[in-house]
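Before any comments, here is the structure.
In our numbering, the protein residues as written are 2 to 113.
And the structure:
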């Protein structure tokens, strides 16, 4: 009985000391530098019997990034944003396409 009480008391004291100890400070995450020297452009796409101005591309001198394109649906008149699926490192080209038959209004760099 005394042995069980001592084990319970020791466990309680150790548990409290763990709760009152200061939490360890996490190391700050390294922040990547934003992409610099970026060029954006829009290209024509051939899809079946259709051609449309809807492929946005981005190329930067430095950094890691994705492409984002602002699209316009010609049938409904609604605008929307499409993001690229892949992150690339400079000087690779990041690209994203609007849906078939829709046009790209502008292309933007998204830092990764």
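Yeah, the Cβ is synthetic: ideal placement off N, Cα and C, and Gly gets one too.
List the DSSP bridge partners of residue 35.
Mapped onto the chain shown, residue 35 falls at position 34. Beta-bridge pairing links residue 35 to no other residue.
If the criterion is Cβ atoms closer than 8 Å, does the pair residue 66 and residue 96 meet it?
The residue you call residue 66 lines up with position 65 of the chain shown. The residue you call residue 96 lines up with position 95 of the chain shown. No, the Cβ-Cβ distance between residue 66 and residue 96 is not below 8 Å.
Closer than 7 Å: is that where the CB of residue 68 sits relative to any heavy atom of the ligand MN?
Ligands in the displayed structure: none, and consequently the ligand MN is not present.
Own chain, CB closer than 7 Å to residue 73, minus 5 neighbours either side, in chain order
In the chain shown, residue 73 corresponds to position 72, counting from 1. 80, 103, 104 and 106.
Of the choices 50, 47 and 69, whose alpha-carbon is the least far from that of residue 41?
Against the chain shown, residue 41 aligns to sequence position 40. It is 69 whose Cα lies nearest to the Cα of residue 41.
In this structure, does DSSP put residue 106 in helix, strand or coil?
Along the chain shown, one-based indexing puts residue 106 at 105. Strand, per DSSP.
Can you grab the Cα-Cα spacing for the pair residue 53 / residue 101, in whole Å?
Residue numbering aside, residue 53 sits at position 52 when the chain shown is read from its first letter. Residue numbering aside, residue 101 sits at position 100 when the chain shown is read from its first letter. Whole-angstrom Cα-Cα distance: 8 Å.
Can you list, in chain order, the residues of its chain with a C-beta nearer than 6 Å to that of residue 45? Leave out the 5 residues immediately preceding and following it.
Working through the chain shown from its first residue, we reach residue 45 at position 44. Excluding residues within five positions, the ones whose Cβ falls inside 6 Å are 52 and 54.
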